[in-house]
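Participant:
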Amino acid sequence: MTKRQQQQNLSQSRDGGYTIIESLVAMIVVSVLMIAIAPVMAFSVATRVQARRVELASQAATAYINALRVGAIKPPTGTSGFPAQDSSDPPLAPTASNNLYCVDLDKETTGCVSNKDFFVQGVWRNPANTTNDPTTTGYELTVRVYRADGFATGRPMIIQQQSVANSALGNPQAPLVVMKTQIPPTTQGAVSPRQALCSQLNSPSNPGGVKNSLCR
2 MTKRQQQQNL
12 SQSRDGGYTI
22 IESLVAMIVV
32 SVLMIAIAPV
42 MAFSVATRVQ
52 ARRVELASQA
62 ATAYINALRV
72 GAIKPPTGTS
82 GFPAQDSSDP
92 PLAPTASNNL
102 YCVDLDKETT
112 GCVSNKDFFV
122 QGVWRNPANT
132 TNDPTTTGYE
142 LTVRVYRADG
152 FATGRPMIIQ
162 QQSVANSALG
172 NPQAPLVVMK
182 TQIPPTTQGA
192 VSPRQALCSQ
202 LNSPSNPGGV
212 KNSLCR
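In our numbering, the protein residues as written are 2 to 217.
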């Protein structure tokens, strides 16, 4: 073997060694980048899931309110998801799901149990009404929508609404949506919902209440 051939073989050997080292370095760099990016990607996906869950919960709350306004959900309290009376401000968190309104999105035969289902808590308040039927006078309604699987953990539910931006998949014991509205009487004959609501807002039992321009 000539001296020139030996130099060529040595050069090829050195080039091959550098290629292996460069590949190892590239693999290490990619691994470090993936480790750094993985939590961000996981948090992004979780936030999108939670945002979608909040959107569905908002639709469930709106449908529940509309059903009460048209009288589709009837008293007595605690029957078929009709709101319970609570004079606390804010109303207390539910202790069980027995009398809450079930929104079964995945249509399971076992009812509301999965993390795709919701329980809607409705609470009515009207100091002027001393009966168990608030539909005759109208009432202030507070609505909270909870994840169904939150009741299966055995932990107490809370009333503070969770944030989508910093909660990732969220706290199963916290409400996804909290709404407050006025429900007009639904059993006063020909009285329109606007007239019924104005009567409630302008009643003596509501001192300092909001006087809407439509009620003048």
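Glycine is no exception: its CB is placed at the ideal position from the N, C-alpha and C atoms.
Since this is a predicted model, take the numbers as computed values, not measurements.
Note down, one range per segment and in chain order, each beta strand (DSSP E) of at least 3 residues found wholly within the stretch 59–121.
Facilitator: 102–104
Participant: First and last residue of the beta strand (DSSP E) that includes Leu142?
Facilitator: Per DSSP, Leu142 belongs to the beta strand (DSSP E) from 140–148.
Participant: Which residues does DSSP list as the beta-bridge partners of Thr136?
Facilitator: According to DSSP, which records beta bridges pairwise, Thr136 is partnered with nothing at all.
Participant: Report buried or exposed for Met158, applying the criterion of at least 16 other Cβ atoms within 10 angstroms of its Cβ.
Facilitator: buried
Participant: Less than 8 Å between the CB atoms is what I'm expecting for Ala58 and Val146, so what's the real figure, rounded?
Facilitator: 4 Å
Participant: Going by DSSP, what residues sit across from Arg126 in a beta bridge?
Facilitator: Glu141
Participant: Between which residues of its own chain and Gly72 is the CB-CB distance below 6 Å, once the five residues before and five after are set aside?
Facilitator: Thr187
Participant: With burial defined as no fewer than 16 other Cβ atoms inside 10 Å of the residue's Cβ, what is the status of Gly17: buried or exposed?
Facilitator: Only weak support is given to the placement of Gly17: the predicted model assigns it a pLDDT of 49, under 50, and the value that follows is read from those uncertain coordinates. Looking at its Cβ environment, which holds fewer than 16 other Cβ atoms inside 10 Å, Gly17 is exposed.
Participant: Quick one: using the 10 Å Cβ neighbour count with 16 as the cut-off for buried, is Pro185 buried or exposed?
Facilitator: Its Cβ being crowded by 16 or more others within 10 Å, Pro185 is buried.
Participant: With DSSP run on the structure shown, which of helix, strand or coil describes Gly184?
Facilitator: For clarity, residue 184 is Ile in the given sequence; the question names Gly instead. Strand, per DSSP.
Participant: Give every residue of the same chain whose Cβ lies closer than 6 Å to the Cβ of Gln174, excluding the five residues on either side of it in the sequence, and list them in chain order.
Facilitator: Gly151, Arg156, Met158, Ile159
Participant: I'd like the list of long-range same chain contacts for Lys181, defined as Cβ closer than 6 Å, with 5 residues on each side in sequence excluded.
Facilitator: Closer than 6 Å at Cβ, skipping near neighbours: Thr143.
Participant: Give me the DSSP bridge partner(s) of Val179.
Facilitator: Arg145
Participant: Report, in whole angstroms, the separation of the C-beta atoms of Val104 and Ala61, which I expect to be a contact under 8 Å.
Facilitator: 5 Å
Participant: Please classify Leu106 as buried or exposed, where buried requires at least 16 other C-beta atoms within 10 Å of its C-beta.
Facilitator: Per the 10 Å Cβ criterion, exposed.
Participant: Taking DSSP as the reference, what is the three-state secondary structure of Arg54?
Facilitator: helix
Participant: Quick check on Ser32: does DSSP put it in helix, strand or coil?
Facilitator: helix
Participant: So, Gln183 versus Glu141, is the Cβ gap smaller than 8 Å?
Facilitator: yes
Participant: Can you check which of these residues, Ser164, Arg148, Ser89, Asn67, is closest to Asn127 by C-alpha distance?
Facilitator: Ser89
Participant: Output the distance between the C-alpha atoms of Ser193 and Ala129, rounded to the nearest integer angstrom.
Facilitator: Reliability of the predicted coordinates at Ser193 is poor, the pLDDT of 48 falling under 50, and no value is obtained from them.
Participant: Between the Cα of Ala97 and the Cα atoms of Ala52, Thr132, Arg148, Val50, which residue gives the shortest distance?
Facilitator: Arg148
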